[in-house]
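Heads up, the sequence shown is in the working numbering, so the first residue is 1 and it goes up one at a time.
No residue lacks a Cβ here, since even glycine has one placed at the ideal position from N, Cα and C.
This structure is a prediction, so every number in the text was calculated from the model and none was measured.
Read the structure below first, then the notes.
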Amino acid sequence: MKKAIVYGASGLVGSYILENLLNNTTYEQIVIVVRKELNIQHPKLKMLIGDFNTLSEVIKDIQVDEVFIALGTTRKKTPDKKQYYRIDHDYPILATKLAKENGAKAVFLVSALGANAKSSIFYTRLKGETEQGIISLNLEHTYIFRPSMILGDRKESRPMERVFIGIFKLINPLFVGELSKYKGIEAEDIAKAMVKSAEQFDEKVKIVHWEEMTTLLK
1 MKKAIVYGAS
11 GLVGSYILEN
21 LLNNTTYEQI
31 VIVVRKELNI
41 QHPKLKMLIG
51 DFNTLSEVIK
61 DIQVDEVFIA
71 LGTTRKKTPD
81 KKQYYRIDHD
91 YPILATKLAK
101 ENGAKAVFLV
111 SALGANAKSS
121 IFYTRLKGET
131 EQGIISLNLE
141 HTYIFRPSMI
151 LGDRKESRPM
161 ERVFIGIFKL
171 INPLFVGELS
181 KYKGIEAEDI
191 AKAMVKSAEQ
201 FDEKVKIVHW
211 EEMTTLLK
């Protein structure tokens, strides 16, 4: 049986990843690292309290097979670009590096559609650089999930995002063929696809868009 560590377990996609892993019989232990205790109890759950400044000590000697990363922030919550970069770039790479040192053979990352390290747009360049950094760590398997609009109810208020989600639900049927990658996808379905993809590895580095994610759900 496998052990996994999850980063971002308090977030929208991360909470669904955690739920799916806890309910999956192929995993014997799920480790999460959170800044404050979550109201979750499960015999397979190991909850560690800490942040990325102390992460190497927090997860010292925590052996895992896989690492799932669903970290991210918003410009509203983190207007400072340096801090934004630290959360969306530095932390995922550090989490992967430490997981590899603790035995992880595979990493599953929530990235974003359009991620491109050479982009002139801050957000897509950031996501692309994060992907490159994680790929360079050379785990046996690196699976990168690139959703377009992530659908679902978040804990925090994001009024403009709710507007865009409503629009995406209306126009989703228009995205067909090569445009299917632009379709919005439920956070729960992203999480299910990520956990499902861990059942059988077929590539060293795999980029997963909407069509591949929905195929994994069948």
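Item: Of the residues L137, S10, I135 and N172, the one placed nearest L151, counting alpha carbons only; Value: N172
Item: Spatial neighbours of I87 in its chain, beta-carbon cut-off 8 Å, leaving aside the 5 residues before and after; Value: L71, G72, T73 and T78
Item: C-beta atoms of A9 and L22 nearer than 7 Å; Value: no
Item: 7 Å CB neighbourhood of I134 in its chain, flanking five on each side removed; Value: P92, I93, T96, V107, L109 and T142
Item: 8 Å CB neighbourhood of L139 in its chain, flanking five on each side removed; Value: T96, K100, A104, K105, A106 and V107
Item: Span separating the alpha-carbon of E203 from that of T26; Value: 20 Å
Item: Residue closest to K181, alpha-carbon to alpha-carbon, out of F201, A193, E199 and H209; Value: H209
Item: Environment of R35 [buried if 16+ CB atoms lie within 10 Å]; Value: exposed
Item: A198 to K46 span [Cα, whole Å]; Value: 20 Å
Item: Bridge partner(s) assigned by DSSP for Y16; Value: Answer by DSSP bridge pairing: none, since Y16 is not bridged.
Item: Separation of Y16 from I30, as counted between CA atoms; Value: 13 Å
Item: Beta-carbon gap between M149 and G184 smaller than 7 Å; Value: yes
Item: Whole runs of the alpha helix (DSSP H) within the stretch 97 to 163, excluding any shorter than 4 residues; Value: 122 to 135
Item: Counterpart residues of E229 in DSSP-defined beta bridges; Value: Since the displayed the chain opens at 1 and closes at 218, residue 229 lies outside it and no answer follows.
Item: Inter-residue Cα distance where the pair is E37 and Q83; Value: 23 Å
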